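Numbering (this note's numbering), first residue to last: 10 to 187.
Cβ atoms here follow ideal geometry from the backbone N, Cα and C, with glycine treated the same way.
This structure is a prediction, so every number in the text was calculated from the model and none was measured.
Presented below is the structure to which this report refers.
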Amino acid sequence: MRYLGLGFIAGVTWLYVLAQIPVRPWLLYAIAITAIFAAITVWRHATRNSANLAIGFAAASIVGFVGAIYMAATVMGQAEVSASGRPFCIQVASPSDYTPARTLLDLSPLTMRAATASGRSMMHHAILVVADPAGAQLFHWSYHKRQFVPGTLNDRTPATARRSFASRTRISLTACQS
């Protein structure tokens, strides 16, 4: 039973490392290397309990996967709330610019992250563009508030909303147009 807990802790450590690499890569690589050596040591000494170790690691991975799906659904739901029935599109940060979100996987915390340089970022994790008769309204995603917040760093974006990215009944993969 002890190895089941160790496997779960190892899995959670890996999920944390994967989620935080853009923020503090040097620290997380050190944690990852330490976790690898710890897992090897435990695995070598736990030959009869290796199944429990694997089950714990798998359980942590499943919890992380479910959490990522939940967060993607939260982002989509908050986009619909912020758009108030108007057409919208979501753009996610890429290494140099924003690209339209094409699938719900693009909205998961494992992929929807702003690139950082020296601990600073000049981009948002995602931008919501809402069509409005007076002009496009821009929002940015806040993981802290778990919602889209009005305004962006630079109030211009290369795409406009053509129709809703998703609705409860269907998903449109071509919501943003340049």
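Would you kindly work out how many angstroms separate the C-alpha atoms of residue i and residue j, rounded to a whole number?
i	j	result
His134	Ile71	24 Å
Val158	Val138	12 Å
Tyr107	Ala140	18 Å
Gly160	Arg111	22 Å
Met131	Ala67	36 Å
Thr120	Leu114	7 Å
Pro96	Pro104	26 Å
Phe148	Gly76	23 Å
Gln146	Phe74	32 Å
Ile99	Tyr152	15 Å
Ala143	Ile78	34 Å
Please return the same chain residues whose Cβ sits closer than 7 Å to the Cβ of residue i, not counting the five positions on each side in sequence.
i	result
Ile18	none
Met80	Ser117, Pro118
Arg33	Since pLDDT at Arg33 reaches only 49, below the 50 mark, its modelled position is unreliable, and no value is offered.
Do residue j and residue i come within 8 Å of each other at the CB atom, strictly closer than that value?
i	j	result
Trp150	Val90	no
Helix, strand or coil: how does DSSP classify residue i here?
i	result
Leu116	helix
Ala81	helix
Ala102	strand
Ser151	strand
Ala135	strand
When the cut-off is 8 Å and only beta carbons count, does residue i lie next to chain C?
i	result
Glu89	Any reference to chain C falls outside this structure, which holds one protein chain only.
Apart from the five residues on each side of it in sequence, which residues of its chain come closer than 8 Å, Cβ to Cβ, to residue i?
i	result
Leu162	Met131, Met132, His133, His149
Arg155	Thr83, Gln87
Which residues in the same chain have their Cβ closer than 6 Å to the Cβ of residue i, if we skip the five residues on either side of it in sequence?
i	result
Ala92	Val139
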